[in-house]
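As structure tokens, the structure follows; a few thoughts come after it.
2 protein chains.
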Amino acid sequence: MTIPVSPCSKGLMLLFVLLALHTTAQKISPYVQTTSKLLELPSKVLGETRTIYIHCPKADSTNPNKTYPVLYLMDGESHFDMLAQYADYLSRWDVNVIPQMIIVGIVNSKRTRDLTPTESIINYFGQPDTSKVSWMKPSGGNERFLQFIREELKPYVERHYKTQPYTILAGHSFGGLASIYCLLTHADMFQGYISVSPSLWWDREYVLKLTDQKLKKGAPLNKTLFFSDASEGVSDSSTFHTNLLKFDAVLAAKAMTGLRYQYNYYPKETHMTEPMLAYYDALRFIYKDWKNP
Amino acid sequence: MTIPVSPCSKGLMLLFVLLALHTTAQKISPYVQTTSKLLELPSKVLGETRTIYIHCPKADSTNPNKTYPVLYLMDGESHFDMLAQYADYLSRWDVNVIPQMIIVGIVNSKRTRDLTPTESIINYFGQPDTSKVSWMKPSGGNERFLQFIREELKPYVERHYKTQPYTILAGHSFGGLASIYCLLTHADMFQGYISVSPSLWWDREYVLKLTDQKLKKGAPLNKTLFFSDASEGVSDSSTFHTNLLKFDAVLAAKAMTGLRYQYNYYPKETHMTEPMLAYYDALRFIYKDWKNP
């Protein structure tokens, strides 16, 4: 037996088929993780345009004038996604152990130039690198790079974003060296300093010696500092780890008034895996006593 | 003295001014972190359309046919960004401790229904929750949820992405419970299992008892399992932590052939901060002996 199908019910059937197809079809679209921006910022100080990544917390509709601390991150191309994700996750309402933060990632142009304090050709193992073209050249531009942050980048961020006065400088390796150098020479620029595996070996321990010279015993230094290292110096028998121990000993001996600091050693991590744990621990340390207001 | 300005040089000056303005202007654009997609997948098994986040490694132009292990993550809305960032970072050429992976985040619709193995109204402290409307209701749909993964989600992912046979199931809390339940009842579905703070308290330790029943001493179970807990049960005097210790003891007593497992305890972390460390440690543990081919 066949049921006669009128043109009308045929149309109806087609509609059902189309509807059925529609409801069983998968839809795929881009997934937008976070509210981050890419800024091209021309710098007179550096004579070049710098790429900056800026990550903001999701807007709080109940508090549109809310302001945020700002973390300035060196090696933006390496660790910006990490810090943005850490800051978002740890400040979620159901995690809630640090405040929501703005993350500003500075992408390198000439990394060795910007993140080292002196001109030097002495390599990781204390030997002169006399090759004409070397990854160590040029070097010694950290002073100018900090000037760029102070006079151009920070004012831009403070003009365009809802910032709090509390700011953090964070870096890894040469960036860790630059973070300590900034604390020693321009402590007023930031309140918190994160230095993950600082390259204290640079220029025959220049910054290690500077630490001893600059810090006057018992003097006030109302800052927070987290520093760390991993298997460097153990895996490669360089002075990397002993330099960190010396730096830690200098801080202990100087007993600066108001300085809150923590040194973490991660012997199971490499120079490159360490940032994942160290940046987590650094944020937890800086905001140890923080309570959501 | 005034220098006469011709219309032409006026135009030239204007051009210079415009050029100067152009070179000092900041440019801002969206920052796209990762290559992730949002999929709306209709499920016949569940009778609803499910939202799925899919993260792929950046394409390798030197190896366009490269395939990847796949990690299936429960509570996608909570931990997808984290796992995507961890997988990308740890597989970078200069970090290189795990393979590049595809992360599939399953967003919850009815979380308690999908991630619990039995219907139960016994709450975290072992008391019946008799309220008509409760976050515990409905429950007991984990079997059907695993069927959805097995029959619909995995086939979709394997059809549309360059997958390897190696797959991991990862979850936290109820998701951790579901991960262990899957290992006990459908071990073939995955090769690796991650269970961060599993809610072994569910239904008077149902899954804990099932572990003892299902695992036959010395039987083959060629799987990798990472499980962990944090301050739960210490901070709240529940049986959370003692349940984990019991589970660990059962695994030791059963001495399954081929089972590689690790239990991490994070007493300083909360139920919600723990995933940041546990997912890191889980990936490192699963790929402990991995070498980039």
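Quick note, the sequences are listed as chains A and B, same order.
Position in the first sequence counted from 1, then plus 74, gives you the numbering used here.
Position in the second sequence counted from 1, then plus 74, gives you the numbering used here.
Note that the Cβ used here is the ideal one computed from N, Cα and C, for glycine as well.
Rounded to a whole number of angstroms, what is the C-alpha to C-alpha distance between residue i and residue j?
i: B:Y146; j: B:F264; result: 9 Å
i: B:V207; j: A:D322; result: 56 Å
i: B:H96; j: A:E225; result: Note that B:H96 scores 49 on pLDDT, short of 50, meaning its location in the model is unreliable and no value can be drawn from it.
i: B:L295; j: B:S253; result: 15 Å
i: B:G214; j: B:D277; result: 10 Å
i: B:W275; j: B:I180; result: 23 Å
i: B:Y339; j: A:I223; result: 41 Å
i: B:K111; j: B:H129; result: 6 Å
i: A:G292; j: B:Q238; result: 60 Å
i: B:P143; j: B:T109; result: 16 Å
i: A:S247; j: A:Y105; result: 32 Å
i: B:S269; j: B:T141; result: 25 Å
i: A:L220; j: B:F314; result: 49 Å
i: A:M330; j: A:K290; result: 8 Å
i: B:K328; j: B:Y337; result: 15 Å
i: B:M175; j: A:A326; result: 44 Å
i: B:W364; j: B:L357; result: 11 Å
i: B:K101; j: A:G266; result: 29 Å
i: B:L113; j: B:S152; result: 16 Å
i: B:T285; j: A:A352; result: 36 Å
i: B:N366; j: B:V171; result: 8 Å
i: B:F154; j: B:S271; result: 17 Å
i: B:R233; j: A:S205; result: 52 Å
i: B:P131; j: B:D303; result: 29 Å
i: B:Q227; j: A:K211; result: A quick correction: the sequence has Leu, not Gln, at residue 227 of chain B. One C-alpha to the other measures close to 52 Å.
i: A:D149; j: A:V169; result: 27 Å
i: A:S305; j: A:P341; result: 5 Å
i: B:G200; j: B:W167; result: 49 Å
i: A:S309; j: A:E279; result: 20 Å
i: B:V178; j: B:S117; result: 16 Å
i: A:D262; j: A:W209; result: 31 Å
i: B:V324; j: B:Y335; result: 12 Å
i: A:T190; j: B:M350; result: 32 Å
Could you check where the beta strand (DSSP E) with residue i kicks off and where it finishes?
i: A:N338; result: 334-339
i: A:G121; result: Run containing A:G121: none; DSSP gives neither H nor E here.
i: A:E225; result: That residue, A:E225, is in no beta strand (DSSP E); it is neither H nor E in DSSP.
i: A:V270; result: 266-270
i: A:S117; result: 110-117
Using 8 Å as the threshold, is the C-beta distance between residue i and residue j below it?
i: B:F359; j: B:F300; result: yes
i: B:P173; j: B:Y354; result: no
i: B:S312; j: B:Y235; result: no
i: A:I195; j: A:D203; result: yes
i: B:K297; j: B:L258; result: no
i: B:N317; j: B:Y255; result: no
i: A:S273; j: A:G307; result: no
i: A:R218; j: A:V119; result: yes
i: A:L115; j: A:Y230; result: yes
Counting along the chain, where does the alpha helix (DSSP H) carrying residue i start and finish?
i: B:E232; result: 228-234
i: A:P349; result: 348-360
i: B:H153; result: 150-164
i: B:Q238; result: That residue, B:Q238, is in no alpha helix (DSSP H); its beta strand (DSSP E) goes 237-246.
i: A:K421; result: In the structure as shown, chain A starts at 75 and stops at 367, and residue 421 of chain A therefore has no counterpart that could be examined.
i: B:L189; result: 185-189
i: B:L405; result: Not covered by the structure: residue 405 of chain B. The range shown for chain B is 75 to 367.
Who are the neighbours of residue i on chain E, taking C-beta pairs under 8 Å?
i: A:P104; result: In the structure shown, chain E cannot be found, because the protein chains are A and B.
In chain B, which residues lie with their C-beta within 7 Å of the C-beta of residue i?
i: A:V281; result: Within chain B, no residue comes near A:V281; the closest Cβ sits about 24 Å away, beyond 7 Å.
i: A:V169; result: M346, T347
i: A:Y127; result: Y105
Along chain B, in chain order, which residues have C-beta atoms closer than 8 Å to that of residue i?
i: A:Y354; result: M350, L351
For a contact meaning CB atoms closer than 7 Å, what does residue i contact in chain A?
i: B:Y340; result: Chain A residues near B:Y340: none, gap ~12 Å exceeds 7 Å.
i: B:Y142; result: Residues of chain A passing the Cβ test: none, with the nearest at roughly 17 Å.
Inspect the CB distances between the segment 112-131 of chain A and the segment 238-256 of chain A and report whether three or more fall short of 8 Å.
no
Is the segment 178-196 of chain A in contact with the segment 130-141 of chain A, if contact means three or more CB pairs nearer than 8 Å?
no
When the Cβ atoms of the segment 150-168 of chain B are set against those of the segment 344-353 of chain A, are three or more pairs found closer than 8 Å?
yes
Would you call the segment 152-159 of chain A and the segment 151-160 of chain B touching, i.e. three or more CB-CB distances under 8 Å?
yes
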